[in-house]
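Number of protein chains: 2
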Amino acid sequence: MAQPRAVVVVTGSELVRGARQDLNGPFLARELLELGLEPAEIVVVGDGPEELERVIAEALEADIAVFSGGLGPTHDDRTVELIAKAAGRALRIVPELESDIEAISRAVAERLGRPYADFSHGVRKQATLPDGAVALGLAGTAPALLLEHDGRVVVALPGPPGELRRLWPNVVAHETFRRMVERTRRRTHRVLRFFGPSESAVARALAEAGGEGDGAEVTVCARDLEIHVDLFVEPGGEPRAGALQAELLERFGHQLFAEDERPVEELVLDLCRGRGLTLATAESCTGGLVGARLTSVVGASDVYAGGVVAYANAVKAAQLGVPEELLARHGAVSAEVAESMAQRVRVALGVDVSVSVTGVAGPAGGTPEKPVGLVFLHAASADGELGQRLELPGDREAIRARAAVTALHLLRRLLTRSGTDTRD
Amino acid sequence: MAQPRAVVVVTGSELVRGARQDLNGPFLARELLELGLEPAEIVVVGDGPEELERVIAEALEADIAVFSGGLGPTHDDRTVELIAKAAGRALRIVPELESDIEAISRAVAERLGRPYADFSHGVRKQATLPDGAVALGLAGTAPALLLEHDGRVVVALPGPPGELRRLWPNVVAHETFRRMVERTRRRTHRVLRFFGPSESAVARALAEAGGEGDGAEVTVCARDLEIHVDLFVEPGGEPRAGALQAELLERFGHQLFAEDERPVEELVLDLCRGRGLTLATAESCTGGLVGARLTSVVGASDVYAGGVVAYANAVKAAQLGVPEELLARHGAVSAEVAESMAQRVRVALGVDVSVSVTGVAGPAGGTPEKPVGLVFLHAASADGELGQRLELPGDREAIRARAAVTALHLLRRLLTRSGTDTRD
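Heads up: the protein sequence lines correspond to chains A and B, in order. 1218 is the number of the first residue of the first sequence in this note's numbering; add one for each residue after it. 1218 is the number of the first residue of the second sequence in this note's numbering; add one for each residue after it.
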C-alpha cells in the first residue's frame, strides 16, 4: 500500500497576515515526520469562509488532514462546520460533550461573575460535531475531533499551541489514527544535537559522506548556535545512515551534547540533580532569560534556587556585591565582572553551581572596544570555573537568545568536564 | 474591479518537515498586507516535484503569486522550471543574465581554487527563465524573477530570508507589480488592545454591532489574556468600522490599554520613563519571564534596574528578606508573600516601582487550597500598591506566560490609575 499523504492546515487571519508566527504547522510536521508521515504541505489560511472552504475541501483529499484553529465559540470559528460540509456529514450536538462544556463554562461564568446566558450559545456551538466524529478531549471549551471519512482521517485541534500540544497525544493514541500510521513504512529516527559547528560545515560533511538517499533522510536545523540533526532511516537505510552518522561523529563528536530531544536546560538540571547540586543565575543583558528557560522545565525547583537580574550596575554592586572598583576599572561588560557575578551569586544564594551573563545586546550601547554582541559568561562550582567571551552576530533578540543558550551550555560543560580540565 | 487575490508559496523540505521556522511567509504576508493585498493563503511545500508542481499550478490561478526558494543551481531547485510549465512558457537562457552569473561564479571558483567547469552547468540553469520573465536582481547567483501571465503577476524570490528581503523592494518598484497593487482599494488599519474581556465577549459585541462587512474587516486574537482587535477599513467602510469600534469602546473601554502595537512591557517602561521612575521585579514561578520581557525592549536600561528570581523559599528570605514567619504562616504562594516580595525588592534595589509574582505553575505542587494555576501578584510604588489573585487555566507554559503578562498589566494599572483608586 502506498505511503499515506498527510496535509497540515493552520487557520487564523492573524497568521495569514503575518502578525503572528505559526508554531503549530512546524510542530505537527515534526510529529507526523516522527511517525513516518512527511507532510505534503502546510497551508496557512485566514478565517474568511471562501478560502477556508476551498482549502478544507482540498485537504480532505489527503489520507490524513490535520487542522489547527477555528474551534472557538464564535461565528468566525468555522473549521468544524466546513469539515462537515466537505465530508458531506450533518452537524449534530453531542449531548455528553455539551454537558462537559457547559460545566466548564458555568464555572468560568461564576468566576467572572457573569451570567451563564453569555456562554450558552458558544457552548452549543462547541458541542456540535460532524456526524460520526469523536471528541478527543477539551482545551478549555474547545473539543479536538477525529473523523474517519472515506478511508481517510480528519483531525481538528485547537489553535493555541499549548493546547494543541496537550491534545495531540490523544490523536496519536486513537485507534483509527494508529491504523493509518501503521500503513507507513517503519522509519526510525536518530537524534544528534551539536553545539558549536556551523550549519554549512555539517551540511558539507553530510554531502561528502554521500548525502541523503538509499533509505536515509536528514534534516539539519540551526537553532541559536545549536545544530539539530535528525536522521530518518527506512528499512534497508542503515548502511547510508550509519555512514552519515559516523562522518558527523568523526568530525563533530566533541561538540555532540545530546542524542535525544532534551533541551540543554533540562540536561543541566539533570546533571545537577544527579549529583545533588543546587544552581543559581546572575543575569545582566539576558534580563531573566536563563532563569526563565531553567524554570520552564517541570521539577526545576529541586535544583534551581533562583537568581539575580542585575541589569543596572547599582544592582550588580548592591545585590551581588560586585566591587564598585571592578565595575569602574573593567566596565560591566568584562570577564572580570562576569566572574565576580558568578562567584558572588553562588555565595549569596548559597548554591553549589552558578552562571552569569553580562553583555551588550544593542542596538545602542556598543563601542569600538565593546561592540554590540560582546558577551561574557562565567560558570562557577566548588570543583572549578569556566569563563567564556562571545562576539555574537544578530539583532537584540538573537544576541540575548544566543547568550542565554551559550550560558546553559557553559554550565553543561562545567558539569561534564573532568576535574582537571581547565580549557574554556 | 475586484480586490486582487494574492498567494504566497514557500518551498523547502526543511520547512515542510518543521525543522526550520518559515520566516518568509509571514514577512511577505505583512508586506502584501501593507500594500492592501491580504494573502489568501501561505503554502509551505517540500522540494518533491509532484506536490510542488501541483501547488505551483494552483498558485498561478491567483492574481499575484509570490514564491520563495528553489532558485538554486542544483537539480532539486525546481521553482523556475515548474512556473514555466504551469504558465505554458518555454524556458530560455537570458544571455546578459548568464554573463552576470558567470562573472560571479568565476570569482567564487577562483576563491575556492576550483575549476569553473564545476559551476558552468549551474550558471546555465540559473540564467534560464520562462519566456517573458524579467530578472529583478541577483542574490548570489540566483535571480529573482517577475512574470506577467494572463493579466496575473508571478514573482519568484530566493529562499534565504536576508536575500529575499533585500530583493523584495525590486518587486514592489516594478511597474507591472505596481499596476496590480493600484487595483487594491486603499485600506486603513485601526488597532485596539484590551486586557480582561474574554474573546467570546468581544466577538459577541462585534456580532451585535453588525459584524464584519460593508468595507470593514475585523480580526480578534487572544494572546495570553490580552485581546488584540484589528480593524481593516476600506474606503466607504467608515460607518461600519465606526459602529464596531464604538460598541467595543462602550463595553470594554475601561479594559482598553493601547491603540497601537506597543506591547505592555513597552507601555510600562514608557509610563515609568515619562515620570522618571525606576523599576524592579521579584519573580518566583515565572523564573525571570517578567524581567526577560521588560529587557526585550530597546532602552529598557534607563528604567529597569533588575530583580530577584526567588524560586526557592530560602532565596525569598535571604535575598529579599521576606520574613520566614510569613512564609511559614501563609505559604510562599500567598497574597502576604507577594506583597512582601514587591515591597522588599523595591527597597533592596532602591527603585520607585516594583512588581512580584508567586504561584503554582504545575503540573505538580498543587493542593486543594492552592491549586495549580493559583498566582498572586503585587505591585508597589511610593503612591500606592495593588495586589491581585489569579486562578489561571492552562499548562505550565500557559500559566507562566499569563502570570507574566498580568504582572505587567498590574504595573500598567498602578502607573495609570488616579492616586486615590485602590481597587484591585
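Positions of the beta carbon are idealized from the N, C-alpha and C atoms, including for glycine.
Close-in-space but distant-in-sequence residues of the same chain around residue i (CB under 7 Å, 5 per side omitted)
i	result
B:R1457	G1427, G1430, D1431, G1432 and A1433
B:N1530	L1544 and A1549
B:M1218	Reliability fails at B:M1218, whose pLDDT of 42 lies under 50, so the model's placement of it is uncertain and no value is given.
A:P1610	G1590
B:D1641	With a pLDDT of 42 at B:D1641, under the threshold of 50, the predicted position of this residue should be treated as unreliable, though the coordinate-derived value follows. Contacts found: L1603, G1604 and Q1605.
CB contact below 8 Å: residue i versus chain A
i	result
B:C1489	no
B:V1416	Looking at the sequence provided, one finds Glu at residue 1416 of chain B rather than Val. At least one chain A Cβ lies under 8 Å of B:E1416.
B:F1244	yes
B:E1608	yes
B:Y1333	no
B:S1573	no
B:L1566	yes
B:L1190	Here chain B comprises residues numbered 1218 to 1641, so residue 1190 of chain B is not present and cannot be evaluated.
B:V1589	no
B:V1557	One point to set straight first is that residue 1557 of chain B is Ser, not Val, in the sequence displayed. Output row for B:S1557: interface = no.
B:T1436	yes
Option in the options with minimal Cα separation from residue i
i	options	result
A:L1252	A:G1229, A:I1281, A:V1437 and A:G1265	A:I1281
A:A1439	A:E1425, A:L1423, A:G1590 and A:V1419	A:V1419
B:R1309	B:G1349, B:R1271 and B:A1578	B:G1349
A:E1602	A:R1630, A:E1255 and A:L1442	A:R1630
B:A1552	B:L1566, B:G1579, B:V1526 and B:R1606	B:R1606
B:P1243	A:E1231, A:L1254 and A:A1303	A:E1231
B:H1366	B:I1300, B:L1484 and B:E1542	B:I1300
B:I1444	B:R1619, B:P1347 and B:V1515	B:R1619
A:A1509	B:A1527, B:V1370 and B:E1315	B:A1527
B:R1369	B:G1379, B:F1394, B:P1360 and B:R1563	B:F1394
Below-8 Å beta-carbon distance, residue i vs any chain B residue
i	result
A:S1518	yes
A:R1383	yes
A:P1290	yes
A:D1447	yes
A:S1337	no
A:R1404	no
A:A1597	no
A:I1259	yes
A:V1272	yes
Whether residue i touches residue j by CB criterion (8 Å)
i	j	result
B:E1258	A:V1260	yes
A:V1233	B:A1246	yes
B:A1356	B:R1383	yes
B:L1374	B:S1501	no
B:A1352	B:L1362	yes
B:A1460	A:H1292	no
B:L1269	B:R1295	yes
B:P1221	B:M1397	yes
B:R1410	B:V1450	no
A:T1358	A:I1318	yes
B:E1482	B:L1625	yes
B:R1323	B:Y1333	yes
B:L1488	B:T1623	no
Helix, strand or coil at residue i according to DSSP, with G and I counted as helix
i	result
B:V1370	strand
A:R1600	For the record, residue 1600 of chain A in the displayed sequence is Asp; it is not Arg. Residue state, collapsed to three classes: coil.
B:P1588	coil
A:L1364	strand
A:V1233	helix
A:G1523	strand
A:D1317	helix
A:L1269	helix
A:C1489	helix
A:P1347	strand
B:D1335	helix
B:Q1462	helix
A:S1285	strand
A:R1421	helix
Own chain, CB closer than 8 Å to residue i, minus 5 neighbours either side, in chain order
i	result
B:A1422	E1464, L1465, R1468 and F1469
A:E1248	W1385 and V1389
A:G1636	Low confidence applies here, because A:G1636 scores a pLDDT of 46, under 50, leaving its location unreliable; read the following figure in that light. Closer than 8 Å at Cβ, skipping near neighbours: D1600 and G1601.
Own chain, CB closer than 6 Å to residue i, minus 5 neighbours either side, in chain order
i	result
A:T1639	Here the model assigns A:T1639 a pLDDT of 42, short of 50, so the residue's position is not dependable and the matter cannot be decided.
B:Q1560	A1597
A:V1372	V1283, L1363 and V1388
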